[in-house]
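Asker: Numbering-wise (my numbering), the sequence shown opens with residue 80 and increments by one.
Where is the CB? At the ideal position from N, CA and C, for every residue including glycine.
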Amino acid sequence: HLCGLFLSPQMIFEKEGVYLHTNAKRSNQDTTIPGFIRIVERAGVPALEWSPLEDDGRNAPAVLYSRKVCNNLFATSEQSCQENTSKSRYSPAGQWAFSLPLSELYSLRRARFSLGRNFLVLTSRGGHPLPPLHFHRGGTRELLRALQHYIILDQSPVDGRLFLAYPLDSGALSQSFDKLHLLDDGGSDLRFIHDPYATTFGGFSKVTNFFRAALRPPDSPAHSRPAQDPSLPSQPDDEPGFELITCLGPRPDVTRGRPLGNWEEFLDSEGRVKNPEKVKELVFRGGITPSLRKEIWKFLLGFYPWNSTTKEREDILRVKTDEYFRMKVQWKSVSEEQEMRNSLLRGYRNLIERDVNRTDRHNTFFSGNDNPGLTLLHDVLMTYCMYNFDLGYVQGMSDLLSPILFVTQNEVESFWCLVFIFSSLQHQNFEESQEAMKQQLLQLSVLLKALDPELCDFLDSQDSGSLCFCFRWLLIWFKREFSFEDILILWEVLWTRLPCDNFHLLIACAILQSQRGELIGSDHDFNTILKHINELTMKLDLLSMLRGAEAIYLQLVRCKDLPLKVQQVLGLYVPSSSDEESPDSQSSETQRLLAQSQAAAAASSSACGSSSP
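#1: Check whether the Cβ of L243 sits closer than 7 Å to any heavy atom of the ligand MN, and report yes or no.
#2: Just to confirm, is the Cβ distance from G650 to D536 under 8 Å?
#3: Where does P246 fall in DSSP's three states?
#4: Using CA atoms only, rank isn't needed, just tell me which of V473, Y427, W556 and L247 is closest to L573.
#5: Which residue marks the beginning of the beta strand (DSSP E) containing L232, and which one marks its end?
#6: From the DSSP output, in three-state form, read off M90 for me.
#7: Residues in its own chain within less than 6 Å of P331 by CB, not counting five upstream and five downstream?
#8: As a quick exercise: from L430, G475 and D233, pick the residue whose alpha carbon is nearest that of E510.
#9: I'd like to check one pair, Y403 with T462: are the Cβ atoms closer than 8 Å?
#10: With distances taken from CA atoms, which of F115, L569 and G426 is nearest F214?
#11: When you compare the CB positions of P131 and S540, do they come within less than 8 Å of one another, or not?
#12: Please determine, among G96, A122 and A126, the residue with the shortest C-alpha to C-alpha distance to E133.
#13: My output table needs one value for Y466: the three-state DSSP class, helix, strand or coil.
#14: Roughly how many angstroms lie between the CA atoms of E344 and V358, to the nearest whole one?
#15: Tell me, please, whether the region 335 to 350 touches the region 382 to 389 by the rule of three or more beta-carbon pairs shorter than 8 Å.
#16: Just reading off the alpha helix (DSSP H) that I500 is part of, what are its end residues?
#17: May I ask you to report which of helix, strand or coil DSSP gives N151?
#18: Taking the beta carbon of T616 as the centre, do at least 16 other beta carbons fall within 10 Å, making it buried, or is it exposed?
#19: Name the residue from S623, Q488 and Q507 whose alpha carbon lies nearest to the alpha carbon of G365.
#20: Going by C-alpha distance, which of T334, P369, R335 and P329 is nearest R341?
#21: Return the CA-CA distance between R559 and Q507, expressed in angstroms with no decimal places.
#22: Please determine, among H583, E614 and L584, the residue with the shortest C-alpha to C-alpha distance to E597.
#23: Starting from the Cα of I500, find the closest Cα among K377, L456, I590 and A529 and give me that residue.
#24: When DSSP labels each residue in this structure, what does L327 get in the three-state scheme?
#25: For the beta strand (DSSP E) that L121 lies in, which residues bound it at each end?
#26: Expressed to the nearest angstrom, what Euclidean distance is found between the alpha-carbon atoms of P532 and G627?
#27: What is the DSSP secondary structure of E95, reduced to helix, strand or coil?
#28: For H441, is the classification buried or exposed, using 16 other Cβ atoms within 10 angstroms of its Cβ as the cut-off for buried?
#29: Leaving out the 5 sequence neighbours to the left and right, which residues in its chain are closer than 7 Å to I568 when beta-carbon positions are compared?
#30: Taking its Cβ as the centre, do 16 or more other Cβ atoms sit within 10 Å of Q89, making it buried, or is it exposed?
#31: Can you round the beta-carbon distance between F177 and E128 to whole angstroms, since I take them to be within the 8 Å contact cut?
#32: Using the C-alpha atoms, what's the distance from L181 back to L243?
#33: May I ask which residues mark the beginning and end of the alpha helix (DSSP H) holding L649?
#34: Leaving out five residues on either side along the sequence, give the residues of the same chain with a beta carbon under 8 Å from the beta carbon of I91.
#35: For V124, report the span of its beta strand (DSSP E) as first-last.
#36: The beta strand (DSSP E) spanning L380 covers which residue range?
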């Protein structure tokens with residue numbers, strides 16, 4: 080009965096010159112394979128198929144690209160799928176052929192490079208993105224027009240390049256996304272759609288980056304309009320579509336200032352900091368003189384309140400010291416026999432010992448064997464496990480602690496500074512669900528799409544749109560990307576939380592844009608993009624990245640019609656939980672914050688005196 084599916088196919092649409100990028104570097108296999116894209120009816124079932132040039136296209140491909148996942152309309156089991164594969168493949172290129180019934184098409188994303196190459200990213204209802212299809216000779220518009228004879232393509236209200244596929248059924252568009260089980264809940268905040276690749280973040284899986292904000296329920300007001308015809312003049316082939324920022328002006332020049340070097344002038348007679356905001360502005364602009372870091376870091380990291388007196392700080396230190404050593408005694412007093420029955424504590428200790436032995440060993444404070452610095456690093460991390468046993472120890476925590484311990488050279492102070500970082504600045508980065516990390520990657524994608532849609536298109540075309548290669552940057556704040564001395568400057572700048580809480584995302588944007596010339600137009604695939612990004616370690620100029628990140632911020636906030644999602648990432652607009660602000664009030668608030676940020680930057684620049692470009 081299966082044979083009937085493969086007999087007498089009816090060719091509805093065919094286009095040659097459609098290349099599949101496999102992203103698989105092998106000596107005997109090309110990474111760019113020419114082929115045909117077709118719409119074919121087999122036994123009345125329409126399907127979208129791609130096959131390599133040497134295949135005549137008359138045998139239905141049975142494989143959903145390289146994962147060997149069978150289409151259940153063309154095979155009854157994994158075994159029968161592989162049997163069909165073995166009979167119909169004539170070359171290594173053939174293993175990438177696929178046939179996807181149009182009823183299984185969930186979405187497609189259409190974009191174009193300024194280099195003149197169109198591409199489509201297709202995603203099945205199972206959540207699997209197919210390899211990007213590059214139309215070297217055009218034809219995307221014709222394909223979309225042909226598809227609309229079988230399915231409804233409804234354009235996303237947020238991303239003009241994203242089309243959602245529905246059956247030709249008048250009731251299809253009234254179904255909510257909850258009924259289709261495409262989202263994990265009914266909210267509209269930015270989240271990853273749950274699929275096997277998005278949730279397995281530890282392996283940096285290749286995943287197409289879709290946004291919940293771009294996938295509103297079809298019955299929402301934004302979807303009440305008719306389905307968008309891709310052939311309409313309002314959607315030319317070269318229009319990127321994603322929330323284009325037409326008001327984005329030139330990027331301003333930014334200068335850095337001198338390190339903060341006179342601390343006493345900011346203290347009153349009782350030791351209070353007279354102008355904390357001025358201190359933060361100066362630190363943001365130029366960092367801190369190394370000899371003052373030990374004192375000022377404790378204010379930036381919440382160990383001391385800014386308005387505390389010298390006497391109050393002495394009392395705080397005494398109380399915090401007692402509390403720290405009470406927790407330290409708890410794990411120190413655990414016998415080997417007790418620890419053998421506590422697998423969680425034993426696991427934390429093993430992880431800490433392993434990571435401590437390889438953390439910043441090039442630094443004299445942690446180098447050599449039996450180094451006191453290593454002992455302090457170990458003890459602070461073990462004590463943190465007792466302080467927050469649910470979180471315990473996660474790889475990367477030692478990287479965040481070592482610079483603090485190096486500067487304070489004090490076990491108690493470094494511990495409480497670390498507590499502040501985990502509770503206020505990076506409180507969710509190390510949670511097992513990694514929801515906070517996914518959210519940050521989505522926010523980074525929102526910023527990069529607004530700044531450089533062409534770079535985003537290139538990364539999407541190479542299965543790198545998820546920006547998973549930036550995971551380490553955001554987790555430990557570029558600790559592996561810059562020298563130890565540069566990290567001290569970078570972190571104290573970030574700890575000021577100026578000009579916005581997400582300034583580290585703007586630094587990531589600056590780094591990515593500094594590499595766009597090395598990426599766009601190259602033969603980089605997913606693996607070589609990841610390799611290139613990893614090889615940036617110790618090759619980046621910190622001052623250039625800081626200037627670039629601040630320039631990006633000023634460029635964005637000077638835009639009068641900044642998209643709401645970008646405003647939210649930059650902290651220019653925080654939606655109310657009780658009621659919605661009117662567009663006028665949102666714009667007014669944005670302009671108020673913009674005026675504040677520009678005035679602060681101007682005042683800070685003038686206060687710093689001469690500055691290096």
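Answerer: Checking against the coordinates, here is how it stands:
#1: With respect to small molecules bound, the structure shown includes none, and the ligand MN cannot be examined in it.
#2: Inclusion of G650 and D536 in the CB contact set at 8 Å is not warranted, their separation being larger than that value.
#3: Three-state result, P246: strand.
#4: The candidate whose alpha carbon is nearest that of L573 is W556.
#5: Taken as a continuous stretch (DSSP letters only), the beta strand (DSSP E) holding L232 covers I230 to Q234.
#6: Looking at M90 - three-state DSSP - the assignment turns out to be strand.
#7: So the list reads A630 and L633, once near-sequence residues are dropped.
#8: Taking only the C-alpha atoms, the option nearest E510 is G475.
#9: The answer is yes: Cβ separation under 8 Å.
#10: The residue among F115, L569 and G426 with its C-alpha nearest the C-alpha of F214 is F115.
#11: Cβ atoms of P131 and S540: not closer than 8 Å.
#12: Nearest C-alpha to E133: G96.
#13: Y466: helix per DSSP, three-state reduction.
#14: If you take the alpha carbons of E344 and V358, they lie about 11 Å apart.
#15: With a cut-off of 8 Å, the region 382 to 389 and the region 335 to 350 count as touching, because enough Cβ pairs lie within range.
#16: Taken as a continuous stretch (DSSP letters only), I500 belongs to no alpha helix (DSSP H), as it is neither H nor E.
#17: A caution first: N151 carries a pLDDT of 34, below 50, which makes its placement in the model too unreliable to give a value.
#18: Exposed, because fewer than 16 other Cβ atoms sit within 10 Å of the Cβ of T616.
#19: Out of S623, Q488 and Q507, S623 has the C-alpha closest to the C-alpha of G365.
#20: Per the sequence shown, the amino acid found at residue 341 is Asn instead of Arg. For N341, the closest of T334, P369, R335 and P329 by C-alpha to C-alpha distance is P369.
#21: For R559 and Q507, the distance between alpha carbons rounds to 20 Å.
#22: Nearest option by C-alpha distance: E614.
#23: Of the candidates K377, L456, I590 and A529, the one whose C-alpha sits nearest the C-alpha of I500 is K377.
#24: Look at L327 here: in three-state DSSP terms it is coil, with no helix or strand label.
#25: The residue asked about is misnamed: residue 121 is Arg in this sequence, not Leu. R121 -> beta strand (DSSP E) spans T111 to R121.
#26: Those two C-alpha atoms are separated by around 18 Å.
#27: Strand, per DSSP.
#28: Looking at its Cβ environment, which holds fewer than 16 other Cβ atoms inside 10 Å, H441 is exposed.
#29: Excluding residues up to 5 positions away in sequence, G366 and L621 lie with their Cβ nearer than 7 Å to the Cβ of I568 in the same chain.
#30: Around the beta-carbon of Q89, fewer than 16 other beta-carbon atoms lie within 10 Å, marking it exposed.
#31: Contact between F177 and E128 holds, with the beta-carbon distance rounding to 7 Å and staying under 8 Å.
#32: Approximately 12 Å between the Cα atoms of the pair.
#33: Taken as a continuous stretch (DSSP letters only), the alpha helix (DSSP H) holding L649 covers L643 to L649.
#34: Counting only Cβ-Cβ distances below 8 Å, and skipping sequence neighbours, we find R117, I118, V119, E120, P125, A225 and H228.
#35: Residues V124 to P131.
#36: Looking at the DSSP string, L380 is not in any beta strand (DSSP E), and its letter there is neither H nor E.
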